[in-house]
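Each residue of the sequence shown is one higher than the last, beginning at -5 in the working numbering.
Heads up: the structure comes next, in structure tokens.
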Amino acid sequence: MGDGEMECFGPAAVFLRKPERERIEAQNTPFDAKTAFFVTDPDEMYLKGTLVSKEGGKATVKTHSGKTVTVKEDEIFPMNPPKFDKMEDMAMMTHLNEPAVLFNLKERYAAWMIYTYSGLFCVTVNPYKWLPVYDTVVVAGYRGKKRIEAPPHIFSISDNAYQFMLTDRENQSVLITGESGAGKTVNTKRVIQYFATVGAMSGPKKAEPVPGKMQGSLEDQIVAANPLLEAYGNAKTVRNDNSSRFGKFIRIHFGTTGKLASADIETYLLEKSRVTFQLSAERSYHIFYQLMTGHKPELLEALLITTNPYDYPMISQGEITVKSINDGEEFIATDTAIDILGFTADEKNSIYKLTGAVMHHGNMKFKQKQREEQAEPDGTEVADKIAYLMGLNSADMLKALCYPRVKVGNEMVTKGQTVPQVNNAVSALCKSVYEKMFLWIVIRINEMLDTKQPRQFFIGVLDIAGFEIFDFNSLEQLCINFTNEKLQQFFNHHMFVLEQEEYKKEGIEWEFIDFGMDLAACIELIEKPMGIFSILEEECMFPKATDTSFKNKLHDQHLGKCAAFQKPEPAKGKAEAHFSLVHYAGTVDYNINGWLDKNKDPLNDSVVQLYQKSSLKVLAFLYATHGAAEEGGGKKKKKGGSFQTVSALFREDLGKLMTNLRSTHPHFVRCLIPNESKTPGLMENYLVIHQLRCNGVLEGIRICRKGFPSRILYGDFKQRYKVLNASVIPEGQFIDNKKASEKLLGSIDVDHTQYKFGHTKVFFKAGLLGALEEMRDEKLALLVTMTQALCRGYVMRKEFVKMMERRESIYSIQYNIRSFMNVKHWPWMKLYFK
């Protein structure tokens, strides 16, 4: 696409593709392939330089900053010619190596081109600022275009998935992965925006929604689900101001013609511990701070809350404001989203009331009775507020907390509680209310997005918490990291097995390499029988099990027997850790304190029974099935057979997700964090290379080196490269495209081990197609020069003939003028003139 064709993208064009002028300048830039190299550097990782000399396995390079360094020969890497600068698809580069990939991303990022292809998938770098590349003009620009016809973009990936769905009649998925803070959620929103827009364009106009049922169209509702889920499921973390603390798989369903039919959302692993605990540089869920902005004074009054987060210690353990987020504006977006999604006024009030009640839970105080261990309320004002908001009786709630009734044998007895036990019960209850409310919101959204229209295919969009390495890593981090481990294995298997299957299909001799095996050790350690989850679930069955007994079992079973399981090295100032796991993205130290309780997730049943009788319908509905599940499995529960632990439920959900993904044709988007300080335009080399190594981008390059990354159909090859030796393909005589390509390649001076002939395509090792392009450019330059010379000769000959004609004319004119001058004064001439 030239500058003219790029005009369809409007102001976004400069952020998508380098201009024509820059491309022409790059092609004319002098370049010496024999001396242009990258060299390793301890500070910057890699630098550009010029090779001075090479001898005895050592290379001397003068960097562009003027420094001369001598390194081992394997520490220098060839650079690509300038015409490959800011390459849109890195798989097309002549030289595929780490620094070439890094500098390509770096140069594109400096020009705010944040999307780049790397073979079959797309890499995006978080810009940490708003870019005008997502408006309706850009959506229209990508509509119906093949990947090679438009610059890299999340919309291009989305449109390809949409077109594949329609042509192959197969479900698709878009997997957006990356570390926490890399921009997964933003890109997920863009994918949904694209499908909502494009799906709404296809087919006939939508019928008007039923009054009272929906406040917005299906497209509006799909987009509106985001602000509501973000308010209740996103929070500020150390690395990301708007971090998704839950995973989601959004399925957008389409009819046979590609018209948007309905949608549904599956959520995974809401981090409910954040409700009651935050690290100093973090904050709890956005909704708490949105409510306290005072944008709806009547709501503050109804929820009995103030505008000061510090009045609620449970949600102010860390920070209370975020620079990049305007809580007031976000609250308006959340409130509007609830209306667009079609929640009733009663449901909306209930959501806010329960959210307010959760905030008040942190202010409940209990004290120890004199000369007893029994806890009693230290004032009832807070309990009265909670009871009012939750539709309960305050005295009954306090009694149930301090004197819960438990089942002993076949009898119900009252059991006294200490202050720590009551505090733990309060904490568990408010986390449970928050989690159940969140899951109920998702169920209600799904009910409203289900239009009952006929649906044929779906495109799933996966946005799941990125790989996490914190100072303090608990059960939540293990679950998140295990999910990422499984997704990476799925990615490796799909990308590399798919690649190798094409070789097989094309009849190319190829030794099968399993690139997915690298992750098996860690995955098996976590999920196999007698793995970490199995031991955790087993310990939860023993009443006397403790964190220490769990730790000892883990160490006895795995320490020294499995390379992925290690003993952490104690470091000053670091949180205590009990074991380390070697994940694909790095080694993580885990602290197992409280894992047994987290996994069993016990609740005070006496309070839950009050919830079931609450006058607040939503709360009663949330806990309606709680008692029934327990009564049904009461006997088994004591043996540990019936109740489902958090880890077992998580594994079941993850299994379903992976089955879902395997049934689709996946499209991968890799999100990268450019720097730790969230600075726009800055790229830290070590950080980016670490992510590229971990998430399969460089693994893809590894298979490229071993395999044949470049391929071209025989007809296209003959057409494009015939110019290299036209004499081997006689004109006017039919010759099969494959034979023509074989003859052509055989007659060219290249390494003949660097390519293979398949059934329909010719496959090239990395760099050879680039070399052929160089040869073609040189040949074309030669032919152009010859053509120019012939044209100039022809033009000059024509000019010469004209000059000769002019000269003859001039001679004739001069002769006649001279003759006239001689007779001008002749007397007889005067008679002639008369």
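All C-beta atoms, glycine included, are put in the ideal place defined by N, C-alpha and C.
- Spatial neighbours of F31 in its own chain (CB-CB distance under 7 angstroms, excluding positions within 5 residues in sequence) are listed in chain order as G43, L45, V55, I70, F71, P72, M73.
- Nearest in C-alpha terms to N234, of all of Y279, K425, L222, is Y279.
- Along the region 366 to 406, the beta strand (DSSP E) occurs as fully enclosed runs of 3 or more residues at 369 to 371, 399 to 402, listed in sequence order.
- T231 and F240 have their C-alpha atoms spaced approximately 13 angstroms apart.
- According to DSSP, G4 shares a beta bridge with no other residue.
- Counting only residues of its own chain and dropping the five nearest sequence neighbours on each side, I683 has a CB closer than 7 angstroms to the CB of M39, E92, L96.
- Between L597 and S468, the beta carbon gap of about 20 angstroms keeps them out of contact (Cβ cut-off 8 angstroms).
- Ranked by Cα distance from L99, the options F115, I246, D79, G113 are led by D79.
- Per the coordinates, the alpha-carbon of S609 lies some 51 angstroms from the alpha-carbon of Q551.
- When secondary structure is reduced to three states using DSSP, Q362 falls in the strand class.
- Where Y122 is concerned, there is no enclosing alpha helix (DSSP H), because DSSP gives it neither an H nor an E.
- Residue pairing from DSSP places Y109 in a beta bridge opposite T118.
- Per the DSSP secondary-structure output, Q727 pairs with nothing in a beta bridge.
- When the beta-carbon positions are compared, C556 and L530 stay at least 8 angstroms from each other.
- A Cβ-Cβ distance of about 19 angstroms is found for the pair V436 and V185, leaving them out of contact under the 8 angstroms criterion.
- Here the region 251 to 260 does not lie against the region 408 to 424, with fewer than 3 beta-carbon pairs under 8 angstroms apart.
- A distance below 7 angstroms between beta-carbons, with the five flanking residues on each side excluded, links L293 to the following residues of its chain, in chain order: L285, Y346.
- As far as DSSP is concerned, V612 takes part in no beta bridge.
- When secondary structure is reduced to three states using DSSP, K750 falls in the strand class.
- The region 2 to 11 and the region 126 to 145 touch, with three or more beta-carbon pairs separated by less than 8 angstroms.
- Under the 8 angstroms Cβ criterion, the region 784 to 798 does not count as touching the region 721 to 735, having fewer than three qualifying pairs.
- Going by beta carbons, E370 and K359 fall outside the 8 angstroms limit.
- DSSP links F452 through a beta bridge to H247.
- In the structure shown, M823 adopts helical secondary structure according to DSSP, grouped into three states.
- Closest by C-alpha distance to K538, out of D591, Y584, L433, is D591.
- Here the alpha carbon of P724 sits roughly 10 angstroms from the alpha carbon of A734.
- Counting along the chain, the unbroken beta strand (DSSP E) around P72 starts and ends at 70 to 72.
- The C-beta of P221 has 16 or more other C-beta atoms within 10 Å across all chains shown, which makes the residue buried.
- Relative to S174, the option among V117, V180, S237 whose CA is nearest is S237.
- The shortest C-alpha to C-alpha distance from N669 to any of A176, N478, Y584 is the one to A176.
- Membership of P660 in any alpha helix (DSSP H) is not indicated; the residue belongs instead to the beta strand (DSSP E) covering 659 to 666.
- Closest in C-alpha terms to L386, from the list G227, K824, V601, comes V601.
- In this chain, the beta strand (DSSP E) harbouring V63 covers 62 to 66.
- Of the candidates A558, E470, D710, H355, the residue whose Cα lies closest to the Cα of A515 is A558.
- Between the alpha carbons of H289 and G322 lies a distance of about 6 angstroms.
- F432 and L575 do not touch by the CB rule: their CB atoms are close to 28 angstroms apart, not below 8 angstroms.
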